[in-house]
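*Asks:*
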Amino acid sequence: MRTGLRLGALSVLWLLPLMLYAARERHTLDGNSCGGYPRLAIETMRGMCAGLVIGPTTQDPARPLRLPRSLLQLDADTWLVTDLGAWEGARGAVWRLRTGPDGAVSAERVLDGLDLPHAIARGPDGAVYVGEMSRIVRFDPAALVPGDTVQAVITGLPDNRLHAHRHPLSKFVFLPDGDLLVNVGAPSDQCTGADARTPAGLCAQSEGDEDAASLRRYAYEGDGRWSSAYTVFARGLRNSVALAVHPSGTVVQGENSYDFDSRWSPFEELNVIEADRHYGWPYCFDTAQPAPAWRDKADWCRSAAHTAPALLLPPHAAPLDMLWYDGAMFPALQGRLLMTWHGHRSVGGRIASFAVDARGVPAPDPQPRFPVYGAGMRAYGAGPAATPVLLTPGWGLARGVRPQGSPVGLAVADDGAIWATDDRAGLVIRFAKDD
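Once you know that position 419 of the sequence shown is 855 in the working numbering, the rest is easy, because the numbers rise by one and skip nothing.
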């Protein structure tokens, strides 16, 4: 995942220009409206526009939410938004946004002092659940003091401190039977170093006692309780921040693959998650290529022991969220898989959509292509892939107009509008019908 500071002094220095630019460049509003909200200069698919719910602009640089991530609608006028706050320290929060008929928006902190809160969802008991760095909690946002209702539900997740662990965010989803499926990210990019291998020649980080680079399953015991023990549902997943369950029960995962220096390699992945499968990290990339540090695993990558991706996604796109559109506002999107691409390179900064089969899985195209800012569409080459329809074909950098988009969270509102966050810009955005 490429959403926070990388490890090491050189990597931090490499990111400083991006961080300074993101702090300097802001969206400019043109005075027009999008569904009652100020219109952002984001080029969208025909019949759609982007409205600013809250966040800094050239006209008003105030930034109430520091690093907004995921969204949950409570009612027609009320939303909850998780905010990392910062990539270090317990500075995260959950905000309550209230919208008015005139486009006015108020923001109120309902939880504070959280460690990297990212995922948020309704549980089978109706409570609101939030994934922090090393635990999952629930709370009642309607309480007089919501913080007094916080209860730990899952604890003991790795204490993934940023500078000691590469992928610190807890993503979770509820399975149809109520069980919790929880992401535990890989501790490094490619599992290299003197102590990387076990005596059996496997990656110690993913095949060791910590069960990292995996999805853990916590069994639902009823009455809002989950087992304190877990089983490893699937392995070999570098970072499962993009994780979703289709109404059919199919679990799909968007894999943020290795941080190779090449602009065009490796491809990200869309995986169909099944129990007891191994999806390749750190041994394989793309469909069955051995990773540079694990060339001795070439035969394993081509074997049935490795579950290849259902679909390749654009290189370094960094998928961070996905869902299937079920709203009425955009009939052309009905049933399609929507996905945020957070990557800062020329492929990222988009919301994409794919047609899917009955399981919710996109079907490969015979000649798939992916979009590149400044270079049109580029062919994938070998491997299963699909050409997306873009909700935001023009969210690249336009100096004096907008920074490149960095979308994270997605949600479909009751009225069918699509809400999204942009953590680098500090925005909450409503994509609505353009009248």
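We put the beta carbon where it would ideally sit given N, CA and C, even for glycine.
For Gly862, which residues of its own chain have a beta-carbon under 7 angstroms away from its beta-carbon, when the five flanking residues on both sides are left out?
*Replies:* Translated into positions along the sequence shown, residue 862 becomes position 426. So the list reads Gly491, Pro492, Arg499, Leu501, Arg502 and Pro504, once near-sequence residues are dropped.
*Asks:* Can you tell me whether Thr518 is buried or exposed? The criterion is at least 16 other CB atoms within 10 Å of its CB, across all chains shown.
*Replies:* Counting from one through the sequence shown, the residue named residue 518 turns up at place 82. By the 10 Å Cβ count, Thr518 comes out buried.
*Asks:* Looking at the strands, I want to know which residues DSSP matches up with Asp538.
*Replies:* Along the sequence shown, one-based indexing puts residue 538 at 102. Bridge partners of Asp538: none, in fact.
*Asks:* Hey, would you say Val708 sits closer than 8 angstroms to Lys607, going by beta carbons?
*Replies:* For this step, residue 708 is matched to residue 272 along the sequence shown. For this step, residue 607 is matched to residue 171 along the sequence shown. Cβ atoms of Val708 and Lys607: not closer than 8 angstroms.
*Asks:* Would you identify the three-state DSSP class for Cys627, choosing helix, strand or coil?
*Replies:* By 1-based counting over the sequence shown, the position of residue 627 is 191. Coil at Cys627, not helix or strand.
*Asks:* Over what stretch of residues does the alpha helix (DSSP H) that includes Trp736 continue unbroken?
*Replies:* Counted from its first residue, the sequence shown places residue 736 at position 300. Run containing Trp736: Ala734 to Cys737, per the alpha helix (DSSP H) assignment.
*Asks:* Give me the Cα-Cα distance between His742 and His714, rounded to the nearest whole angstrom.
*Replies:* Here the question's residue 742 lines up with position 306 in the sequence shown. Here the question's residue 714 lines up with position 278 in the sequence shown. The straight-line gap from Cα to Cα measures roughly 6 angstroms.
*Asks:* I'd like the ranges of any alpha helix (DSSP H) spanning at least 4 consecutive residues and lying wholly in the segment 510 to 537.
*Replies:* none
*Asks:* Give me the DSSP bridge partner(s) of Pro798.
*Replies:* Along the sequence shown, read from residue 1 onward, the residue named residue 798 stands at position 362. According to DSSP, Pro798 bridges with Val792.
*Asks:* Out of Glu710, Asp762, Arg731 and Pro577, which has the shortest C-alpha to C-alpha gap to Gly771?
*Replies:* Your numbering for residue 771 matches position 335 in the sequence shown. Of the listed residues, the one whose Cα sits closest to Gly771 is Asp762.
*Asks:* Per DSSP, which one or two residues make a beta bridge with Met775?
*Replies:* As a first step, residue 775 must be located in the sequence shown, where it is residue number 339. Met775 is bridged to Met758 and Ala788.
*Asks:* Out of curiosity, what's the CA-to-CA distance linking Gly810 and Ser782?
*Replies:* Counting from one through the sequence shown, the residue named residue 810 turns up at place 374. Counting from one through the sequence shown, the residue named residue 782 turns up at place 346. Gly810 and Ser782 have their C-alpha atoms some 8 angstroms from each other.
*Asks:* Using three-state DSSP, classify Arg781 as helix, strand or coil.
*Replies:* Residue 781 sits at position 345 when you count from the first residue of the sequence shown. Residue state, collapsed to three classes: coil.
*Asks:* By how many angstroms is the C-alpha of Lys733 removed from the C-alpha of Cys720?
*Replies:* Here residue 720 refers to the residue found at position 284 when the sequence shown is read from its first residue. Here residue 733 refers to the residue found at position 297 when the sequence shown is read from its first residue. Using only the alpha carbons, I get a separation of about 8 angstroms.
*Asks:* Check this for me: beta carbons of Leu533 and Val848, under 8 angstroms apart or not?
*Replies:* Against the sequence shown, residue 533 aligns to sequence position 97. Against the sequence shown, residue 848 aligns to sequence position 412. In this structure, Val848 does not lie closer than 8 angstroms to Leu533 by Cβ.
*Asks:* What residue range does the alpha helix (DSSP H) around Ala640 cover?
*Replies:* On the sequence shown, residue 640 is found 204 positions in, with the first residue counted as 1. Start and end: Ala640 to Glu643.
*Asks:* What number of angstroms, rounded off, separates the C-alpha of Val589 from the C-alpha of Asp551?
*Replies:* As a first step, residue 589 must be located in the sequence shown, where it is residue number 153. As a first step, residue 551 must be located in the sequence shown, where it is residue number 115. If you take the alpha carbons of Val589 and Asp551, they lie about 15 angstroms apart.
*Asks:* Counting along the chain, where does the beta strand (DSSP E) carrying Ile590 start and finish?
*Replies:* The sequence position of residue 590 within the sequence shown is 154, counting from 1. Element bounds for Ile590: Gln587 to Ile590.
*Asks:* Beta-carbon within less than 7 angstroms of Leu454's beta-carbon, same chain only, minus the 5 sequence neighbours each way: which residues are those?
*Replies:* What you label residue 454 is simply residue 18 of the sequence shown in a count that begins at 1. Low local confidence applies: a pLDDT of 43 at Leu454 is under 50, so the model's placement there is unreliable, with the coordinate-based value given in what follows. Closer than 7 angstroms at Cβ, skipping near neighbours: His780.
*Asks:* Counting pairs of beta carbons, one from the segment 799 to 807 and one from the segment 815 to 822, are three or more of them closer than 8 angstroms?
*Replies:* yes
*Asks:* Cα separation between Pro577 and Gly621?
*Replies:* Mapped onto the sequence shown, residue 577 falls at position 141. Mapped onto the sequence shown, residue 621 falls at position 185. Spanning the two alpha carbons is a distance of roughly 28 angstroms.
*Asks:* Taking the straight line between their C-alpha atoms, what separation do you get for Tyr654 and Pro718?
*Replies:* Reading the sequence shown from its first residue, position 218 is the one you call residue 654. Reading the sequence shown from its first residue, position 282 is the one you call residue 718. The straight-line gap from Cα to Cα measures roughly 24 angstroms.
*Asks:* Which same chain residues, not among the five before or five after Glu872, have their C-beta less than 6 angstroms away from its C-beta?
*Replies:* Since the first residue shown for the chain is 437 and the last is 871, residue 872 is missing from the structure and cannot be characterised.
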